[in-house]
């Protein structure tokens, strides 16, 4: 992952926007390393469990639970990156028939609607974190809320990307090519 | 509540809101209309992802990414070329054979299309033209979701609950996958001979074949080890996928020696982001599925269908028609996640073999990936080959028709699908 996106200068028309984008890049970078760590840990744990079972005739008690935890973190942390690059699929057969300017406004509107979903999810997952805080995971002495923290971070990070797309300070992946470059029609 | 969910989802989905978030919005609206506790949403999302079998998807994707980074494709192409390069449509056969083996490694059609397309289309288009080359590669890549391991089948088995096993579905795909591959090769030969395409590849030599087979052997052994282990019950699909990752890393470092340490983080990130697309759909759809269950939608739908017809064959035909229609507009993973929990229990109530139903469900949507107007694979190939859809369709239609013919054959002669898994005890 490159430290600076090529579109940063083009989209950051004011110091506030530039600060916002720089902060976003720092969050993206941190999240990138966290995803790699989670994926690597998940792979190592699952493989180690097979190795332990067949070679050592033993079992790692917490391997299943820990690997699921890393998986949950990897998936939820990766969702905002998917928003950034536009990997989340949608139906564009009908929208594609509309004029480009309308497509751009519609894409911004859908970013707003998606942002509202994320706001609700931030609020609801905060409640879930508070609710589960006292509860421990079955095999390791760590709060069960750790699963929900991944949802909370994912929703918050996704919200930032959706706001950036809505305000056109980050390219809109669901809009036509010309729109992505910042064209007005 | 159900009506509000369906209407909200359809309106926002057709306005090009990402399907996962449209499902989330529709679920929130449904919870509000149904006066239900909103806290079920993060709980359902978490429980749907906190699932051991689902981990197989990013791991198989990672294995595929690492195998490509390790340079296995060139070895596969050299191996296939040594066997079958010197016949009409030789390079097309190479693409199909390489696609078949790649399918047995990565389990994903779009990933296979990207890998095959970027490495084979440039040399194929010099001999065959861009349209035909792209059509062959797209068809070869489509084997990815049929030949085990298949990410589509993992998602299906997960959504269908305990009625069908991943191993059983994997085995159900073997015979139809081979029929498809052989049929594609037959079509490629016929079209190449008819269009008088030039012969490619060197003449067949035993020594050359043996050398290339030896070089490709570690790659060919991988699906045998991984899928064989899953089918034999030595490990689960998720464990098999993790072993595939370790195998790919070992191959890349010690056999092909083309994998660099710096390739691994990138492959891990790519696999996670691609899997997150499926993960987001599963997570956001889980609240909707929960609301449907509260509203007794599966039971009402089952009653309505059984009032309409008591014939399992008619039900199957209706479902296949619905899936063809759905596959034209909705990405296949979204279709599995939304429709399998509704339709799989009804198929069981009709007494339809769950393996047959599961396979037909998957294959319908797989063929949908090559059917316009949405056909994800067609658009991937258009992007890779830089051609327009109509030019691609001129060459792709015989391959699409053949896939529908195999689908019809599996419906009419279920033994094609069920024989192998039954013989292996599934």
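Protein chains in written order, with our numbering: chain G, 1 to 185; chain X, 1001 to 1426. Built from N, CA and C at the ideal position, the CB exists for glycine as well.
(request) Pick out the complete alpha helix (DSSP H) segments inside the region 1152–1233 of chain X, 4 residues or longer, and give them in chain order. (result) 1166–1172, 1174–1194, 1206–1231
(request) Answer yes if the region 1132–1152 of chain X comes into contact with the region 1367–1376 of chain X, meaning at least three C-beta pairs across the two stretches below 8 Å, and no otherwise. (result) yes
(request) Could you tell me whether the Cβ atoms of residue 1017 (chain X) and residue 114 (chain G) are closer together than 9 Å? (result) Taking the second chain and counting its residues from 1, the one referred to as residue 1017 (chain X) is at position 17. Taking the first chain and counting its residues from 1, the one referred to as residue 114 (chain G) is at position 114. A contact, by the Cβ cut-off of 9 Å.
(request) Could you work out which residues of chain G lie near residue 1265 (chain X), taking near to mean beta carbons separated by less than 8 Å? (result) Along the second chain, one-based indexing puts residue 1265 (chain X) at 265. Within 8 Å Cβ-Cβ: 36.
(message) I'd like to know if residue 46 (chain G) contacts chain X, where contact means its C-beta is closer than 9 Å to some C-beta of that chain.
(response) Numbered from 1 along the first chain, position 46 holds the residue referred to as residue 46 (chain G). Answer yes: the Cβ-Cβ gap between residue 46 (chain G) and chain X drops below 9 Å somewhere.
(request) Specify, as a first and last residue, the run of the alpha helix (DSSP H) that residue 1386 (chain X) falls within. (result) Taking the second chain and counting its residues from 1, the one referred to as residue 1386 (chain X) is at position 386. Neither: residue 1386 (chain X) is in no alpha helix (DSSP H) and is coded neither H nor E.
(message) Counting only Cβ pairs nearer than 7 Å, list the residues of chain G close to residue 959 (chain X).
(response) The structure shown does not extend to residue 959 (chain X), since chain X is modelled only from 1001 through 1426, so no value can be given for it.
(message) Counting only C-beta atoms, is residue 1 (chain G) closer than 9 Å to chain X at any point?
(response) Here the question's residue 1 (chain G) lines up with position 1 in the first chain. Below a pLDDT of 50, predicted positions are generally treated as unreliable, and residue 1 (chain G), at 47, falls in that range; no measurement from the model is reported.
(message) Residues of chain X with CB closer than 7 Å to the CB of residue 161 (chain G), please, in chain order.
(response) For this step, residue 161 (chain G) is matched to residue 161 along the first chain. Those within 7 Å of residue 161 (chain G) in chain X number zero; the least Cβ separation is about 12 Å.
(message) On the CB-based measure, 16 or more other CB atoms within 10 Å of its CB, does residue 133 (chain G) come out buried or exposed?
(response) For this step, residue 133 (chain G) is matched to residue 133 along the first chain. Residue 133 (chain G) should be labelled exposed.
(message) Buried or exposed for residue 1239 (chain X), going by 16 or more other Cβ atoms inside 10 Å?
(response) One-based indexing of the second chain puts residue 1239 (chain X) at position 239. Per the 10 Å Cβ criterion, buried.
(request) Using the Cα positions of residue 1428 (chain X) and residue 1032 (chain X), report the straight-line distance between them to the nearest angstrom. (result) Examination of residue 1428 (chain X) is not possible in this model, given that chain X is present from 1001 through 1426 alone.
(message) Along the chain, where does the alpha helix (DSSP H) containing residue 1369 (chain X) start, and where does it finish?
(response) Position 369 of the second chain, counted from the first residue, corresponds to residue 1369 (chain X). That residue, residue 1369 (chain X), is in no alpha helix (DSSP H); it is neither H nor E in DSSP.
(message) Just to make sure I have the definition right: I need the residues of chain G whose C-beta is within less than 7 Å of the C-beta of residue 1198 (chain X). Which are they?
(response) The sequence position of residue 1198 (chain X) within the second chain is 198, counting from 1. Per Cβ cutoff of 7 Å: no residues; residue 1198 (chain X) is ~37 Å from chain G at best.
(message) Please confirm whether residue 156 (chain G) has its beta-carbon closer than 9 Å to some beta-carbon of chain X.
(response) Here residue 156 (chain G) refers to the residue found at position 156 when the first chain is read from its first residue. Closer than 9 Å: no.
(request) Decide if residue 1228 (chain X) is buried, meaning its Cβ has at least 16 other Cβ atoms within 10 Å, or exposed. (result) Counting from one through the second chain, the residue named residue 1228 (chain X) turns up at place 228. It counts as exposed.
(message) List, in chain order, every chain G residue whose beta-carbon is nearer than 7 Å to that of residue 1045 (chain X).
(response) As a working mapping, residue 1045 (chain X) is identified with position 45 in the second chain. The contacting residues are 151.
(request) Whole angstroms is fine: what's the gap from residue 1152 (chain X)'s alpha carbon to residue 1362 (chain X)'s? (result) The residue you call residue 1152 (chain X) lines up with position 152 of the second chain. The residue you call residue 1362 (chain X) lines up with position 362 of the second chain. Approximately 7 Å, taken between the alpha carbons.
(message) Taking DSSP's pairing of strands, which residues face residue 136 (chain G) in a bridge?
(response) Here residue 136 (chain G) refers to the residue found at position 136 when the first chain is read from its first residue. Its beta-bridge partners are G:143.
(request) Would you list, in sequence order, the uninterrupted alpha helix (DSSP H) runs of no fewer than 4 residues that lie entirely inside the region 1292–1373 of chain X? (result) 1297–1308, 1312–1329, 1332–1349, 1354–1368
(request) Would you verify that the beta carbon of residue 178 (chain G) is, or is not, closer than 9 Å to some beta carbon of chain X? (result) Counted from its first residue, the first chain places residue 178 (chain G) at position 178. Low per-residue confidence applies at residue 178 (chain G): pLDDT is 45, beneath 50, and the placement is therefore not dependable, though the value from the model is reported in the following sentence. For residue 178 (chain G), the answer is no, since every Cβ of chain X falls outside 9 Å of its Cβ.
(message) Tell me the residue span of the alpha helix (DSSP H) that contains residue 1149 (chain X).
(response) Residue mapping note: residue 1149 (chain X) aligns to position 149 of the second chain, counting from 1. Run containing residue 1149 (chain X): none; DSSP gives neither H nor E here.
(message) Let's test the definition: count the other Cβ atoms within 10 Å of the Cβ of residue 165 (chain G) and tell me whether it reaches 16, buried, or not, exposed.
(response) Residue numbering aside, residue 165 (chain G) sits at position 165 when the first chain is read from its first letter. Per the 10 Å Cβ criterion, buried.
(message) What ranges does the alpha helix (DSSP H) occupy inside the region 55–127 of chain G, keeping only unbroken runs of at least 4 residues that lie completely in it?
(response) 63–85
(message) Tell me which residue opens and which closes the alpha helix (DSSP H) that residue 1070 (chain X) is part of.
(response) Here residue 1070 (chain X) refers to the residue found at position 70 of the second chain. From DSSP, residue 1070 (chain X) is part of no alpha helix (DSSP H); its letter is neither H nor E.
(message) Please report whether the beta-carbon of residue 64 (chain G) lies at a distance below 9 Å from any beta-carbon of chain X.
(response) Within the first chain, residue 64 (chain G) is the residue found at index 64, counting from 1. Yes, its Cβ sits closer than 9 Å to a Cβ of chain X.
(request) With a floor of 3 residues, list each beta strand (DSSP E) that falls wholly inside the region 1107–1133 of chain X, ordered by position along the chain. (result) none
(message) For residue 46 (chain G), tell me which candidate among G:84, G:128, G:16, G:61 has the shortest Cα-Cα distance.
(response) Within the first chain, the letter at position 46 stands for residue 46 (chain G). Nearest option by C-alpha distance: G:61.
(message) Can you check which of these residues, G:102, G:108, G:88, is closest to residue 168 (chain G) by C-alpha distance?
(response) For the purposes of this step, residue 168 (chain G) is taken as residue 168 along the first chain, with counting starting at 1. Checking every option, the nearest Cα to that of residue 168 (chain G) belongs to G:108.
(request) Indicate the three-state DSSP secondary structure (helix, strand or coil) for residue 1422 (chain X) in the structure shown. (result) Within the second chain, numbered from 1, the residue matching residue 1422 (chain X) stands at position 422. Residue state, collapsed to three classes: helix.
(request) Grab me the residues of residue 1192 (chain X)'s own chain with a C-beta within less than 6 Å of its C-beta, minus the 5 sequence neighbours each way, in chain order. (result) Here residue 1192 (chain X) corresponds to residue number 192 of the second chain, with the count starting at 1. Result list for residue 1192 (chain X): 1088, 1089, in chain order.
(message) Counting C-beta neighbours from all protein chains within 10 Å, is the total for residue 138 (chain G) 16 or more, i.e. buried, or is it exposed?
(response) If you number the first chain from 1, residue 138 (chain G) lands on position 138. So residue 138 (chain G) counts as exposed.
(request) Look at the Cβ atom of residue 1451 (chain X), then the Cβ atom of residue 1245 (chain X), and state whether they are nearer than 9 Å. (result) Nothing in the structure corresponds to residue 1451 (chain X), since chain X is present only between 1001 and 1426.
(request) Please list the partners that residue 1059 (chain X) has in chain G, where partner means a Cβ-to-Cβ separation under 8 Å. (result) In the second chain, counting from the first residue as 1, residue 1059 (chain X) sits at position 59. Simply 42, 43, 46.
(message) I'd like the list of long-range same chain contacts for residue 1013 (chain X), defined as Cβ closer than 7 Å, with 5 residues on each side in sequence excluded.
(response) Counting from one through the second chain, the residue named residue 1013 (chain X) turns up at place 13. Once the five neighbours on either side are set aside, the close Cβ partners of residue 1013 (chain X) are 1019, 1022.
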